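Enquirer: First the structure, which I've put down as structure tokens, then a few questions once you've had a look.
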Amino acid sequence: MNDETPLLSVTGASHRYGERYGCRDVSFDLWPGEVLAVVGESGSGKSTLLGMLAQRLALDEGRIRYRTARQHGAGADGAAEELLDLSTLSEREVRRLWRTDWGFVHQNAADGLRMHVSAGGNVGEPLMANGWRHFGQIRAEAEEWLRRVEIPTDRMDDAPTLFSGGMRQRVQVARNLVFGPRLVFMDEPTSGLDVSVQARLLDLIRSLVSELGLAVVIVTHDLAVARLISHRTLVMKDGFVIESGLTDRVLDDPQAAYTQLLVSSILQG
Amino acid sequence: MTHNAPNALPDNTILSVQNVDKTFTLHLQDAQRLPVLHGMTFDVPRGACVVLGGESGAGKSTVMKMVFGSYGADSGRILLGHQGSVLDLVTAAPRQVLAARRETVGYVSQFLRAVPRVPALDVVAEPLLARGVDRASARERASELLARLSIPERLWKLPPATFSGGEQQRVNIARGFIFERPLLLLDEPTASLDARNRGVVIDLIRESLGHGTGMLAIFHDADVREAVADLTVDVQSFTPVRDEVFA
Amino acid sequence: MSGPRIVYNEGYLDEQTKRVVRRALLKGVAIPGFQVPFASREVPMPRGWGTGGVQVTASIIGPDDTLKVIDQGADDTTNAVSIRAFFEKVAGAASTTRTDEATIIQTRHRIPETPLTDNQIMVYQVPIPEPLRFLEPRETETRRLHALEEYGLMYVKLYEDIARYGHIAKTYDYPVLVNNRYVMAPSPIPSFDNPKMHQSPALQLFGAGREKRIYAIPPYTDVESLGFDDYPFEPQRFEQPCEICESTEVYLDEVLIDDQGGVMFVCSDTDHCERTLTARELDQSNTDQSNTDQSSTDPITDHITDPLTEVNA
Chain W
1 MNDETPLLSV TGASHRYGER YGCRDVSFDL WPGEVLAVVG ESGSGKSTLL
51 GMLAQRLALD EGRIRYRTAR QHGAGADGAA EELLDLSTLS EREVRRLWRT
101 DWGFVHQNAA DGLRMHVSAG GNVGEPLMAN GWRHFGQIRA EAEEWLRRVE
151 IPTDRMDDAP TLFSGGMRQR VQVARNLVFG PRLVFMDEPT SGLDVSVQAR
201 LLDLIRSLVS ELGLAVVIVT HDLAVARLIS HRTLVMKDGF VIESGLTDRV
251 LDDPQAAYTQ LLVSSILQG
Chain C
1 MTHNAPNALP DNTILSVQNV DKTFTLHLQD AQRLPVLHGM TFDVPRGACV
51 VLGGESGAGK STVMKMVFGS YGADSGRILL GHQGSVLDLV TAAPRQVLAA
101 RRETVGYVSQ FLRAVPRVPA LDVVAEPLLA RGVDRASARE RASELLARLS
151 IPERLWKLPP ATFSGGEQQR VNIARGFIFE RPLLLLDEPT ASLDARNRGV
201 VIDLIRESLG HGTGMLAIFH DADVREAVAD LTVDVQSFTP VRDEVFA
Chain X
1 MSGPRIVYNE GYLDEQTKRV VRRALLKGVA IPGFQVPFAS REVPMPRGWG
51 TGGVQVTASI IGPDDTLKVI DQGADDTTNA VSIRAFFEKV AGAASTTRTD
101 EATIIQTRHR IPETPLTDNQ IMVYQVPIPE PLRFLEPRET ETRRLHALEE
151 YGLMYVKLYE DIARYGHIAK TYDYPVLVNN RYVMAPSPIP SFDNPKMHQS
201 PALQLFGAGR EKRIYAIPPY TDVESLGFDD YPFEPQRFEQ PCEICESTEV
251 YLDEVLIDDQ GGVMFVCSDT DHCERTLTAR ELDQSNTDQS NTDQSSTDPI
301 TDHITDPLTE VNA
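Heads up: the sequence lines are chains W, C and X, in that order.
Just so we're aligned, residue 1 is where the first sequence starts under full-length UniProt numbering, counting upward by one.
Just so we're aligned, residue 1 is where the second sequence starts under full-length UniProt numbering, counting upward by one.
Just so we're aligned, residue 1 is where the third sequence starts under full-length UniProt numbering, counting upward by one.
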């Protein structure tokens with residue numbers, strides 16, 4: 001395995017809702033440190049794509065491969081990393097990946113947090129799930145991560161129910177990053193927040209992602225979000241990827257008629 | 001366009017633009033086709049400053065953006081000397097373009113597109129951080145440049161969005177010069193600067209040229225252009241609709 | 001005895017049901033700490049009053065058995081007395097209040113102070129068998145967490161206690177790891193009793209009637225109470241001895257003795273308390289023959305002053 005091997009490789013991925021395709025024939029590779037934005041309007045298939053990547057929706061066609069080492073079975077001992085088809089992994093292995101390698105930042109914090117567990121407990125949980133058994137260390141690490149996402153430490157024992165929308169999202173980000181994942185999925189993490197709060201969260205995500213060298217797939221309907229934090233962009237329409245490439249090229253020199261329409265609809269700020 | 005020659009660059013050349021065509025198709029205006037460049041060809045030698053000339057609207061910025069990768073090219077080759085080999089930016093994969101931006105090509109655009117909330121010091125330091133330089137040394141280098149460009153120290157901790165046009169431009173310049181990349185693109189970097197700061201920019205450009213950086217630039221100020229230009233490429237001579245005028 | 005005599009099957013439950021329960025018990029013994037679903041039946045008491053324990057007892061009891069039933073540590077509460085009488089009637093079993101004489105001990109809140117032996121069976125009445133319940137309400141998800149041994153969630157609960165109170169505040173139904181594999185709810189026994197489950201010579205069976213789950217700890221199995229490295233499990237401790245029998249190292253109940261809020265601390269295990277006291281008094285009467293006139297009938301009522309007497313005085 002070398003740097004040329006992507007972290008995530010998607011080929012011909014499709015998901016059907018009955019007769020209709022929600023998302024069809026999507027292919028892309030993602031490398032460590034890359035942020036990929038998936039843009040499009042509601043119904044374009046971007047959420048279906050994310051659902052498939054996160055294994056919440058069935059992969060009806062195509063395959064999704066992830067760079068990891070086999071944990072069980074033949075040749076598991078000291079196995080080198082290779083691109084493994086997710087459909088060949090056991091549930092235990094997939095859940096291990098969710099615990100150790102992957103994160104998911106939900107649009108609605110209540111879907112990604114335990115709303116009645118303290119912020120510290122929420123951020124500490126992935127550590128405990130991975131076998132940390134020293135309270136002092138768990139607390140110190142949770143505190144450090146809350147500090148990094150700019151939650152005052154005197155709020156760490158408060159439950160997210162007592163937090164503003166922006167704070168909840170930041171706790172969610174901390175919870176997702178505390179164990180050092182390699183790949184994070186984000187589903188409209190900033191929509192539903194006030195503009196100033198949005199900017200703060202985006203800036204935070206952007207700097208953490210570059211500091212940690214994370215690979216990110218972020219779904220957004222907001223081209224400004226895509227421009228601010230992504231390196232590459234996929235534009236989706238009617239379930240298909242109709243344009244893809246460097247984010248600034250997609251936005252500054254769009255080729256597809258639909259992308260030109262999307263870009264021309266942005267409010268200039 | 002056929003690739004009859006291998007992708008090779010002479011030793012002393014950092015960038016070679018060969019036979020590049022560019023047409024914009026405006027789908028929202030009845031798919032109107034707008035040819036901008038035809039057969040665009042020029043080289044940027046290492047340590048030389050190539051200035052793009054031509055009237056406003058001739059396509060100078062389009063050339064810049066194609067070299068930086070934010071515009072695509074329809075045909076032709078844009079060869080860049082990148083980390084010991086040659087990269088054709090026309091066909092390069094996005095992540096190759098990103099790697100080239102990180103290591104080889106710097107871009108000082110006309111306007112600063114900064115992230116909200118990030119202090120000026122970090123905006124300037126960012127290209128170094130992206131290459132893995134530690135924060136303290138990156139900030140130190142950024143401070144030197146900001147000081148040299150007369151940005152008052154009280155502004156360093158503030159996000160540049162609130163700065164004046166001239167201040168923003170100097171932040172942008174500092175960011176472009178934070179480390180010496182083999183190729184630097186300058187898109188009217190001195191447009192809103194006073195004479196004193198224009199002088200600083202001229203010095204920065206000369207220092208970089210002296211260290212072997214190749215530059216591709218658009219200057220509106222004649223004095224800056226005269227001070228640093230080694231070669232001028234007339235973009236208008238590659239503008240399809242005016243072919244006959246300059247034939 | 002008057003009226004028509006109703007004949008019940010031995011142990012009240014029909015043979016088929018007992019087989020179902022025994023099969024679940026065997027599976028539980030084979031996978032220590034794993035919750036085995038079973039078809040919980042009706043028994044003549046409301047769910048939530050020990051129907052799980054009663055079904056387990058009904059499936060293992062026979063005429064040769066001697067049954068002890070503990071409710072809040074006591075043998076003489078209504079529920080304990082009723083259940084004892086029930087099995088005397090339907091299984092022809094003997095009953096006792098003495099721990100050392102019992103072959104089956106059904107309990108909800110306590111493990112006796114008297115050490116158990118390898119010919120005894122503990123039957124616990126369990127209200128909520130799922131230790132992860134209050135953190136993860138979905139049963140499908142908690143079963144998956146058990147299957148994959150993902151117990152981070154359990155520690156979140158302990159973390160929250162320490163963050164909030166400075167120590168693990170849970171003092172009953174304190175979660176344990178059984179045989180180094182399954183996290184288990186030990187029913188609402190005080191954490192004081194948790195160490196008694198570890199390597200116990202007795203077979204321990206758990207029945208949750210309302211929740212339809214059975215689980216077990218075979219004899220001599222490791223049972224570890226969860227904790228953090230720097231905040232390990234600590235069973236409750238009592239500073240003073242029992243005010244009746246003077247036992248130390250036992251679980252004490254706080255008993256109100258007057259209208260002024262006066263309290264005394266006495267053994268929760270009434271059998272242990274009585275026998276310790278008897279032994280002590282026997283001891284004393286042996287050494288001091290003259291002091292025998294003041295034999296008390298009830299150790300607690302002796303301490304309670306009669307408010308009427310006080311007023312009249």
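The beta carbon of each residue, even a glycine, is placed where N, CA and C say it ideally should be.
These numbers were taken from a predicted model, which means no experiment stands behind them.
1) Which one of W:Thr88, W:Leu53, W:Arg65 and W:Ile138 has the shortest CA to CA distance from Asp229 (chain X)?
2) Looking at chain W, which residues of the region 223-252 of chain X have a Cβ within less than 7 Å of any of its Cβ atoms?
3) Below 7 Å CB to CB, which residues in the same chain sit around Ala174 (chain C) once its five sequence neighbours on both sides are set aside?
4) Are the C-beta of Gly152 (chain X) and some C-beta of chain W separated by less than 7 Å?
5) Among residues of its own chain, excluding the 5 on either side of residue 271 (chain W), which ones have a beta-carbon nearer than 7 Å to its beta-carbon?
6) Give a yes or no on whether 7 Å exceeds the smallest Cβ distance from Leu80 (chain C) to chain W.
7) Using the rule of at least 16 other Cβ atoms within 10 Å of the residue's Cβ for burial, across every protein chain shown, is Phe246 (chain C) buried or exposed?
8) How big is the Cα-Cα spacing for residue 283 (chain W) and Arg131 (chain C)?
9) Below 7 Å between beta carbons: does that hold for Ala215 (chain W) and Leu183 (chain W)?
10) If you run the structure through DSSP and keep just helix, strand and coil, what is Glu180 (chain C)?
11) Residues of chain C with CB closer than 9 Å to the CB of Ala257 (chain W), please, in chain order.
12) Within 10 angstroms of the Cβ of Ser87 (chain W), are there 16 or more other Cβ atoms? Answer buried if so, exposed if not.
13) Return the CA-CA distance between Tyr107 (chain C) and Leu186 (chain C), expressed in angstroms with no decimal places.
14) When you compare each of C:Leu87, C:Lys157, C:Val200 and C:Met66 to Thr23 (chain C) by their alpha carbons, which one comes out closest?
15) From the DSSP output, in three-state form, read off Tyr151 (chain X) for me.
16) Cβ closer than 8 Å: which chain W residues qualify as neighbours of Arg175 (chain C)?
17) Between X:Val266, X:Arg98 and X:Tyr124, which has its C-alpha nearest Glu246 (chain X)'s C-alpha?
18) Starting from Leu90 (chain W), follow the alpha helix (DSSP H) in both directions and report where the run begins and ends.
19) Cβ atoms of Met186 (chain W) and Val105 (chain W): under 7 Å apart, would you say?
20) Which one of C:Ala8, C:Arg206 and C:Ile202 has the shortest CA to CA distance from Asp221 (chain C)?
21) Assuming contact is defined by CB atoms lying nearer than 7 Å, are Asp269 (chain X) and Thr97 (chain X) in contact in what I supplied?
22) Is Thr114 (chain X) closer than 7 Å to Thr99 (chain X) when the C-beta atoms are compared?
23) 7 Å is my cut-off, CB to CB: does Asp25 (chain W) come that close to chain X?
24) Quick one: complete alpha helix (DSSP H) runs, 4+ long, within the region 11-78 of chain C?
25) To the nearest angstrom, how far is it from the Cα of Thr41 (chain C) to the Cα of Glu82 (chain W)?
26) Give the interface partners of His106 (chain W) over in chain X, defined as CB-CB distance under 7 Å, in chain order.
27) At 7 Å on the CB atoms, spell out the chain X contacts of residue 274 (chain W), in chain order.
28) Below 6 Å CB to CB, which residues in the same chain sit around Arg46 (chain C) once its five sequence neighbours on both sides are set aside?
29) Is Gly72 (chain C) close to chain W, meaning its C-beta is less than 7 Å from at least one C-beta of that chain?
30) Listing by chain order, which chain W residues have their CB less than 9 Å from the CB of Arg164 (chain X)?
31) Please go through the region 8-92 of chain W and give each complete alpha helix (DSSP H) segment of 4 or more residues, from N-terminal end onward.
32) Taking 6 Å as the cut-off, is the CB of Pro35 (chain C) close to at least one heavy atom of the ligand NAP?
33) Quick one: which chain C residues come within Cβ less than 7 Å of Gly245 (chain W)?
34) For the region 235-275 of chain X, list the beta strand (DSSP E) runs that are entirely contained and at least 3 residues long, ordered along the chain.
35) Grouping DSSP H, G and I as helix and E and B as strand, with all else coil, what is Met167 (chain W)?
36) For Arg232 (chain W), return the contacting residues in chain D, with the cut-off set at a CB-CB distance below 7 Å.
Expert: So, from the data block:
1) Within the third sequence, numbered from 1, the residue matching residue 229 (chain X) stands at position 229. If we check each option's Cα against that of Asp229 (chain X), W:Ile138 comes out closest.
2) Per Cβ criterion, the list reads Phe228, Asp229, Asp230 and Tyr231.
3) Counted from its first residue, the second sequence places residue 174 (chain C) at position 174. Excluding positions up to five away in sequence, the list reads Val124, Ala142, Leu145, Leu146 and Leu149.
4) In the third sequence, residue 152 (chain X) corresponds to position 152, counting from 1. Chain W has a Cβ within less than 7 Å of the Cβ of Gly152 (chain X).
5) Only positions 1 to 269 of chain W appear in the structure, and residue 271 (chain W) is not among them; the question remains open.
6) Numbered from its first residue, the second sequence carries residue 80 (chain C) at position 80. Interface with chain W (7 Å Cβ-Cβ cutoff): Leu80 (chain C) is excluded.
7) Sequence index remark: in the second sequence, residue 246 (chain C) carries index 246 (1-based). Confidence at Phe246 (chain C) is low in this model, with a pLDDT of 39, below 50, so its placement is unreliable and the value that follows should be read with caution. With fewer than 16 Cβ atoms within 10 Å of its Cβ, Phe246 (chain C) is classed as exposed.
8) Residue numbering for chain W in the displayed model covers 1 to 269; residue 283 (chain W) lies beyond these limits and cannot be assessed.
9) Here residue 215 (chain W) is taken as the residue at index 215 of the first sequence, counted from 1. Here residue 183 (chain W) is taken as the residue at index 183 of the first sequence, counted from 1. Contact check for Ala215 (chain W) against Leu183 (chain W) passes: the beta carbons are separated by less than 7 Å.
10) Here the question's residue 180 (chain C) lines up with position 180 in the second sequence. DSSP places Glu180 (chain C) in coil when its eight states are reduced to three.
11) Within the first sequence, the letter at position 257 stands for residue 257 (chain W). Think of a sphere of 9 Å around the beta carbon of Ala257 (chain W): the chain C residues whose beta carbon falls inside it are Thr25, His27, Leu28 and Ala31, in chain order.
12) As a working mapping, residue 87 (chain W) is identified with position 87 in the first sequence. Taking all protein chains shown into account, Ser87 (chain W) has fewer than 16 neighbouring C-beta atoms within 10 Å of its C-beta and is therefore exposed.
13) The residue you call residue 107 (chain C) lines up with position 107 of the second sequence. The residue you call residue 186 (chain C) lines up with position 186 of the second sequence. Those two C-alpha atoms are separated by around 6 Å.
14) Counting from 1 along the second sequence, the entry for residue 23 (chain C) is found at position 23. Measuring from the Cα of Thr23 (chain C), the nearest candidate turns out to be C:Met66.
15) For the purposes of this step, residue 151 (chain X) is identified with residue 151 of the third sequence, where counting begins at 1. Three-state DSSP puts Tyr151 (chain X) in coil, outside helix and strand.
16) Within the second sequence, numbered from 1, the residue matching residue 175 (chain C) stands at position 175. Going along chain W, no residue has its Cβ under 8 Å from Arg175 (chain C), so there is no contact; the nearest lies around 15 Å.
17) Locating residue 246 (chain X) in the third sequence gives position 246, counting from the first residue. Of the listed residues, the one whose Cα sits closest to Glu246 (chain X) is X:Val266.
18) The residue given as residue 90 (chain W) occupies position 90 in the first sequence. First, the residue type needs correcting, since residue 90 (chain W) is Ser and not Leu in the sequence shown. Looking at the DSSP string, Ser90 (chain W) is not in any alpha helix (DSSP H), and its letter there is neither H nor E.
19) The sequence position of residue 105 (chain W) within the first sequence is 105, counting from 1. The sequence position of residue 186 (chain W) within the first sequence is 186, counting from 1. Yes, the pair counts as a contact, with Cβ atoms nearer than the cut-off.
20) Within the second sequence, the letter at position 221 stands for residue 221 (chain C). Of the candidates C:Ala8, C:Arg206 and C:Ile202, the one whose C-alpha sits nearest the C-alpha of Asp221 (chain C) is C:Ile202.
21) Along the third sequence, one-based indexing puts residue 269 (chain X) at 269. Along the third sequence, one-based indexing puts residue 97 (chain X) at 97. In this structure, Asp269 (chain X) sits away from Thr97 (chain X), with a CB-CB distance that is not shorter than 7 Å.
22) The sequence position of residue 99 (chain X) within the third sequence is 99, counting from 1. The sequence position of residue 114 (chain X) within the third sequence is 114, counting from 1. Thr99 (chain X) places its beta carbon less than 7 Å from that of Thr114 (chain X).
23) Translated into positions along the first sequence, residue 25 (chain W) becomes position 25. Answer no: the Cβ-Cβ gap between Asp25 (chain W) and chain X never drops below 7 Å.
24) Those alpha helix (DSSP H) runs which fall completely within the region 11-78 of chain C and span 4+ residues are 60-68.
25) Taking the first residue of the second sequence as 1, we reach residue 41 (chain C) at position 41. Taking the first residue of the first sequence as 1, we reach residue 82 (chain W) at position 82. Each residue's Cα considered, the two are about 43 Å apart.
26) Against the first sequence, residue 106 (chain W) aligns to sequence position 106. Going along chain X, no residue has its Cβ under 7 Å from His106 (chain W), so there is no contact; the nearest lies around 17 Å.
27) The structure shown does not extend to residue 274 (chain W), since chain W is modelled only from 1 to 269, so the question has no answer here.
28) For the purposes of this step, residue 46 (chain C) is taken as the residue at position 46 of the second sequence. Counting only residues of its own chain and dropping the five nearest sequence neighbours on each side, Arg46 (chain C) has a CB closer than 6 Å to the CB of Asn12, Ile14, Gly212 and Gly214.
29) The sequence position of residue 72 (chain C) within the second sequence is 72, counting from 1. Among the residues facing chain W, Gly72 (chain C) is included, as its CB has a counterpart in that chain under 7 Å away.
30) For the purposes of this step, residue 164 (chain X) is taken as the residue at position 164 of the third sequence. Residues of chain W with a Cβ closer than 9 Å to the Cβ of Arg164 (chain X) are, in chain order, Ser118 and Asp157.
31) Qualifying alpha helix (DSSP H) stretches, in chain order: 46-53.
32) The ligand NAP is not part of the structure shown, which contains no ligands of any sort.
33) In the first sequence, counting from the first residue as 1, residue 245 (chain W) sits at position 245. Within chain C, the residues near Gly245 (chain W) are Pro94.
34) Taken in chain order, the complete beta strand (DSSP E) segments of 3 or more residues contained in the region 235-275 of chain X are 252-256 and 263-267.
35) Within the first sequence, residue 167 (chain W) is the residue found at index 167, counting from 1. Helix at Met167 (chain W).
36) Reference to chain D is not applicable here, since the protein chains of this structure are W, C and X.
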